[in-house]
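Down below is the structure, laid out as structure tokens.
There are 2 protein chains.
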Amino acid sequence: MELYSYFRSSAAFRVRIALALKGLPYDLQPVHLARNEHLGDTYGRVSAARLVPQLVDGEASLSQSLAIIEYLEETHPEPPLLPGSAADRARVRSLALDVACEIHPLNNLRVLRYLVREMKVGEEAKNAWYRHWVEEGLAVVERRLAEDPRTGRYCHGDTPTLADCVLVPQIFNAQRFDCRTDAMPTVMRVFDACMALPAFERSQPSACPDFEP
Amino acid sequence: MELYSYFRSSAAFRVRIALALKGLPYDLQPVHLARNEHLGDTYGRVSAARLVPQLVDGEASLSQSLAIIEYLEETHPEPPLLPGSAADRARVRSLALDVACEIHPLNNLRVLRYLVREMKVGEEAKNAWYRHWVEEGLAVVERRLAEDPRTGRYCHGDTPTLADCVLVPQIFNAQRFDCRTDAMPTVMRVFDACMALPAFERSQPSACPDFEP
Numbered sequence: 609m610e611l612y613s614y615f616r617s618s619a620a621f622r623v624r625i626a627l628a629l630k631g632l633p634y635d636l637q638p639v640h641l642a643r644n645e646h647l648g649d650t651y652g653r654v655s656a657a658r659l660v661p662q663l664v665d666g667e668a669s670l671s672q673s674l675a676i677i678e679y680l681e682e683t684h685p686e687p688p689l690l691p692g693s694a695a696d697r698a699r700v701r702s703l704a705l706d707v708a709c710e711i712h713p714l715n716n717l718r719v720l721r722y723l724v725r726e727m728k729v730g731e732e733a734k735n736a737w738y739r740h741w742v743e744e745g746l747a748v749v750e751r752r753l754a755e756d757p758r759t760g761r762y763c764h765g766d767t768p769t770l771a772d773c774v775l776v777p778q779i780f781n782a783q784r785f786d787c788r789t790d791a792m793p794t795v796m797r798v799f800d801a802c803m804a805l806p807a808f809e810r811s812q813p814s815a816c817p818d819f820e821p
Numbered sequence: 609m610e611l612y613s614y615f616r617s618s619a620a621f622r623v624r625i626a627l628a629l630k631g632l633p634y635d636l637q638p639v640h641l642a643r644n645e646h647l648g649d650t651y652g653r654v655s656a657a658r659l660v661p662q663l664v665d666g667e668a669s670l671s672q673s674l675a676i677i678e679y680l681e682e683t684h685p686e687p688p689l690l691p692g693s694a695a696d697r698a699r700v701r702s703l704a705l706d707v708a709c710e711i712h713p714l715n716n717l718r719v720l721r722y723l724v725r726e727m728k729v730g731e732e733a734k735n736a737w738y739r740h741w742v743e744e745g746l747a748v749v750e751r752r753l754a755e756d757p758r759t760g761r762y763c764h765g766d767t768p769t770l771a772d773c774v775l776v777p778q779i780f781n782a783q784r785f786d787c788r789t790d791a792m793p794t795v796m797r798v799f800d801a802c803m804a805l806p807a808f809e810r811s812q813p814s815a816c817p818d819f820e821p
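Next comes the structure, spelled out in structure tokens:
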């Protein structure tokens with residue numbers, strides 16, 4: 609498999625974690641988003657949406673990190689990243705979507721660029737926007753994790769799931785933008801538990817071949 | 609089952625369509641987002657995230673529209689809203705996520721409110737923001753649908769899938785904000801095919817019990 613990735617893309621980071629948890633080898637193809645490599649025609653032939661990650665597996669070329677992880681779950685079921693019952697699976701998916709739909713889309717590179725270039729938003733207001741959505745969104749995740757007895761060492765039980773694959777990269781972003789994390793002890797406990805696992809540690813931005821300090 | 613819904617919420621609209629396609633009866637519980645009913649403590653006991661839709665099915669209380677539809681697919685498999693092969697399922701899920709992660713989160717009520725109240729963005733710039741993300745995001749969906757022989761009468765083949773459940777409500781939003789749709793003939797052809805089906809027609813905002821003109 610080939611994974612088109614950018615070290616700082618948190619959507620690509622999710623897929624790197626899932627591949628590592630399942631022990632699947634892959635070739636990492638770096639796409640430099642900050643240098644707009646994704647907008648060129650070469651990458652346009654790989655990804656119609658010109659986004660990372662894109663996973664190529666034989667004939668299949670797949671976009672959207674959550675769809676890619678569901679594909680990996682279906683084609684390589686072990687170890688599972690979703691629990692057994694439909695209600696528990698819905699819980700894990702909805703925690704992942706709490707990050708993937710409510711936080712991350714508001715803070716990705718093209719949105720921040722639009723705020724600055726089209727709306728002439730200043731640096732301070734841009735950072736306030738970023739922190740607002742991270743802190744409000746992660747407060748929901750904190751409440752859900754803290755209230756539910758199904759939360760274990762990780763977001764759901766004592767083995768990592770799709771929810772952890774999505775939560776951990778969001779915490780990296782939160783820390784990069786100095787978001788407050790003191791009001792989310794459960795989230796941070798889960799984050800620390802995940803980062804103690806080699807699959808998470810080896811997938812982080814600083815461990816990527818295209819990493820730039 | 610009880611579905612907490614708001615007539616104008618496109619995320620709730622997705623679930624209404626899925627329930628209708630599967631022929632599942634439900635009690636619709638209206639939550640008036642524009643009057644901030646979702647922010648009160650009463651609804652806070654139903655939904656930790658204070659978002660609609662929320663589906664209550666016996667002991668299970670589920671959030672996030674895509675997680676709810678996957679749950680319905682697992683608990684009521686017929687008629688299927690996902691195709692058979694893992695690669696095709698990934699395609700359908702990724703088309704749904706192209707809308708649910710790349711377009712809709714930028715344009716929902718709380719984001720528009722933040723732009724106006726916190727960032728002091730004017731009406732014209734707010735509408736330009738709205739249209740930008742809709743038109744850019746749907747252009748990706750158009751390209752993917754037009755390029756791929758798996759596109760049929762609907763987004764994937766000749767029966768409606770999860771992708772159609774998510775695409776159709778987004779077109780309602782696009783039309784409400786006067787977004788340009790002339791450059792997306794395949795998207796609009798699929799939209800028209802969907803709206804010819806009773807499951808879509810009966811789930812639209814104007815058919816909801818809480819509809820307000």
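Chains as they are written, first to last, in the numbering used here: chain A, 609 to 821; chain B, 609 to 821. The C-beta atom is built at its ideal place from N, Cα and C for all residues, glycine as well.
Original post:
Mind pulling the chain A residues with CB within less than 8 Å of Y722 (chain B)?
Top reply: Those are W737, H740, listed as they occur along chain A.
**OP:** With L663 (chain B) as the anchor, note down where its alpha helix (DSSP H) starts and where it stops.
**Re:** Segment 662-665 is the beta strand (DSSP E) holding L663 (chain B); no alpha helix (DSSP H) there.
Subject >> Near-chain A residues of the segment 743-759 of chain B (beta-carbon distance less than 8 Å), N- to C-terminal order >> reply: Within the segment 743-759 of chain B, the residues whose Cβ lies closer than 8 Å to some Cβ of chain A are V748, R751, R752, E755, listed in chain order.
**OP:** Can you give me the Cβ contacts of A754 (chain A) inside the same chain, cut-off strictly under 7 Å, excluding the 5 residues immediately before and after it?
**Re:** For A754 (chain A), where only same-chain residues beyond five positions count, the Cβ hits under 7 Å are T794.
Original post:
Would you say A801 (chain A) reaches chain B, if we count a Cβ-Cβ gap shorter than 8 Å as a contact?
Top reply: It does not; no Cβ of chain B falls within 8 Å.
Original post:
Alpha carbon to alpha carbon, how far is L611 (chain A) from L636 (chain A)?
Top reply: Within the model, the alpha-carbon separation for L611 (chain A) versus L636 (chain A) is close to 5 Å.
**OP:** With DSSP as the reference, please indicate the residues paired to D635 (chain B) in a beta bridge.
**Re:** D635 (chain B) is bridged to B:E610.
**OP:** Could you list the residues in the segment 766-779 of chain B with a C-beta less than 7 Å from some C-beta on chain A, going in chain order?
**Re:** Against chain A - using a Cβ distance shorter than 7 Å - the segment 766-779 of chain B contributes no residues.
**OP:** Flag this pair as yes or no: are the beta carbons of V719 (chain A) and Q778 (chain A) separated by less than 8 Å?
**Re:** With contacts defined as CB atoms closer than 8 Å, V719 (chain A) and Q778 (chain A) fail to qualify as a contacting pair.
Original post:
Listing by chain order, which chain A residues have their CB less than 7 Å from the CB of V729 (chain B)?
Top reply: In chain order: M727.
**OP:** Quick one: give me the first and last residue of the beta strand (DSSP E) that L670 (chain B) is part of.
**Re:** 668-671 is the span of the beta strand (DSSP E), which, as asked, contains L670 (chain B).
Original post:
Among A:Q783, A:H764, A:R616, which one has its Cα closest to the Cα of A801 (chain A)?
Top reply: Among A:Q783, A:H764, A:R616, the Cα nearest to that of A801 (chain A) is on A:H764.
Subject >> Distance, Q672 (chain A) Cα to P817 (chain A) Cα >> reply: Looking at the backbone, the Cα of P817 (chain A) and that of Q672 (chain A) are separated by about 22 Å.
Original post:
How would you list, in chain order, the residues of chain A whose beta-carbon sits under 7 Å from the beta-carbon of L611 (chain B)?
Top reply: What L611 (chain B) touches in chain A: nothing, since even the nearest Cβ is about 14 Å away.
**OP:** Compare the C-beta of D905 (chain B) with all C-beta atoms of chain A and state if any pair is closer than 8 Å.
**Re:** It is not possible to answer for residue 905 (chain B), since the shown part of chain B is limited to 609 through 821.
Original post:
Within 8 Å (strictly less), CB to CB, does V719 (chain A) reach chain B?
Top reply: So, interface residue.
**OP:** Please state whether DSSP places G652 (chain B) in a helix, a strand or coil.
**Re:** Under the three-state reduction of DSSP, G652 (chain B) is assigned to helix.
**OP:** Would you kindly work out how many angstroms separate the C-alpha atoms of P691 (chain B) and R624 (chain B), rounded to a whole number?
**Re:** About 20 Å.
Original post:
Quick one, are the C-beta atoms of L629 (chain A) and L703 (chain A) less than 8 Å apart?
Top reply: For the 8 Å CB-CB criterion, L629 (chain A) and L703 (chain A) do not form a contact.
Subject >> Backbone CA spacing between P633 (chain A) and L627 (chain A) [nearest angstrom] >> reply: P633 (chain A) and L627 (chain A): Cα-Cα distance of roughly 7 Å.
Original post:
If you draw a straight line from the C-alpha of E686 (chain A) to the C-alpha of A675 (chain A), how long is it?
Top reply: E686 (chain A) and A675 (chain A): Cα-Cα distance of roughly 17 Å.
Subject >> Residues from the segment 790-816 of chain B in contact with chain A, defined by Cβ distance under 9 Å >> reply: Taking 9 Å as the cut-off between beta carbons, none of the residues of the segment 790-816 of chain B comes near chain A.
Original post:
Along the chain, where does the alpha helix (DSSP H) that runs through H712 (chain A) open and close?
Top reply: That run of the alpha helix (DSSP H) goes 712-715.
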